[in-house]
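Peer 1: Got a structure for you, written out below as structure tokens; questions coming shortly.
Numbering (this note's numbering), first residue to last: 52 to 320.
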């Protein structure tokens, strides 16, 4: 089984790509909606959440764990790999390299959370791949909350996008990196704002291909049936509805609960 976790619904953008790559794989999706959003939380707190979620997923039989959250990847991926050395993790790395390769203007925009920009993964990607390229960073306050609420095409969501993207457009970007897994769900609204000239780069398909490579020798796909379990520490019915309506994925829901702030239990099977 492949387990995927995020602070909320954002990782469903990665999950649907994994399903496209591995249609027979059993999947477990964990949304920590009790704590969403992660973006402005302290790094140590995000590490604590991520470690507890990982222990929960391993107890449920996860063979591969996908950290489908840019913020958690930036804050905790290195820690998780050190803490669980025998577990294959796949995380989210800002897609700076493909953006640089495709940018003719040599001006790349990246939208993400503060924690993502503060992490080593982003700084390393810029150092390795963006020599001679102007990389402009921008946070999008309130956008994750709008997406969590399913408000993908509402005036408030578009206003947040216009305000966040305006500085990038003004500086002449021709490539835009989505540095948060929530953001692919508002690509149509973004497209209305940035126009056809700016290429929007969603790293989810590349992450799904990496998951397939990492999981190839760990899964017995002949025995797996393609089942999907959706776990939320918040409103699991809303998670299920979003997965069905927006991501096009149906699964069996289960309610998760935090115990004392450092472990997760399951209230329903």
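The beta-carbon is built from N, C-alpha and C at its ideal position, and this holds for glycine as well. A quick note: this is a predicted structure, and the numbers were derived from the prediction, not measured.
(1) Would residue 100 and residue 81 qualify as a contact pair, given that the criterion is a beta-carbon distance under 8 Å?
(2) Helix, strand or coil, according to DSSP, for residue 301 in the structure here?
(3) Looking at residue 307 and residue 317, is the spacing between their C-beta atoms short of 8 Å?
(4) Ends of the alpha helix (DSSP H) at residue 122?
(5) Per DSSP, which one or two residues make a beta bridge with residue 115?
(6) Give a single yes or no on whether residue 220 has its beta carbon closer than 7 Å to a heavy atom of the ligand MN.
(7) Are there three or more Cβ pairs, one per stretch, closer than 8 Å when the segment 124 to 133 is compared with the segment 150 to 159?
(8) Per DSSP, which residues does residue 307 bridge with? Please list them.
(9) Mind reading off the beta-carbon distance from residue 252 to residue 227? Whole number of angstroms is fine, and I expect it under 8 Å.
(10) Under 8 Å between the Cβ atoms of residue 262 and residue 117?
(11) Given that a residue counts as buried once 16 or more other Cβ atoms are within 10 Å of its Cβ, and exposed if not, what is residue 71?
(12) Any idea what DSSP makes of residue 182, helix, strand or coil?
(13) DSSP state of residue 8, grouped into three classes?
(14) Decide yes or no for the touch test of the segment 106 to 113 against the segment 75 to 94: beta carbon pairs closer than 8 Å, at least 3 of them.
(15) Pull up the distance between the alpha-carbon of residue 107 and that of residue 223, whole angstroms please.
(16) Let me check understanding here. Comparing Cα to Cα, which of 166, 169, 147 lies closest to residue 160?
(17) Helix, strand or coil for residue 293, going by three-state DSSP, please let me know.
(18) Run through DSSP, which three-state label would residue 94 get?
(19) With distance defined between alpha-carbon atoms, name the residue in 190, 235, 202, 205 nearest to residue 217.
(20) Residue 160 bridges to which residues according to DSSP?
(21) Pull up the CB-CB distance for residue 139 and residue 258, whole angstroms please, since I reckon it's below 8 Å.
(22) Go ahead and pull the three-state DSSP assignment for residue 82.
(23) Buried or exposed for residue 268, please, with buried defined as at least 16 other CB atoms from any protein chain shown within 10 angstroms of its CB.
(24) So is residue 83 buried or exposed if we call it buried at 16+ other beta carbons inside 10 Å?
(25) Roughly how far, in whole angstroms, is the beta-carbon of residue 67 from the beta-carbon of residue 221, given that I think they are within contact range, below 8 Å?
(26) Name the DSSP beta bridge partners of residue 279, please?
Peer 2: Reading off the structure:
(1) Result no, Cβ atoms of residue 100 and residue 81 do not sit closer than 8 Å.
(2) coil
(3) yes
(4) Annotation for residue 122: the continuous alpha helix (DSSP H) segment containing it runs 121 to 134.
(5) 53
(6) In the structure shown, the ligand MN is absent, as is every other ligand, since no ligand is present at all.
(7) No: fewer than three Cβ pairs fall under 8 Å.
(8) 317
(9) 7 Å
(10) Going by C-beta atoms, residue 262 is nearer than 8 Å to residue 117.
(11) exposed
(12) coil
(13) Shown here, the chain extends from 52 to 320; a query on residue 8 therefore has no answer.
(14) yes
(15) 45 Å
(16) Nearest C-alpha to residue 160: 147.
(17) In the structure shown, the three-state DSSP call for residue 293 is helix.
(18) helix
(19) 190
(20) Residue 160 is bridged to 187, 227.
(21) With 8 Å as the limit, residue 139 and residue 258 do not qualify as a contact, their Cβ atoms being about 13 Å apart.
(22) strand
(23) exposed
(24) buried
(25) That belief does not hold up - the Cβ atoms of residue 67 and residue 221 are roughly 33 Å apart, past 8 Å.
(26) 78
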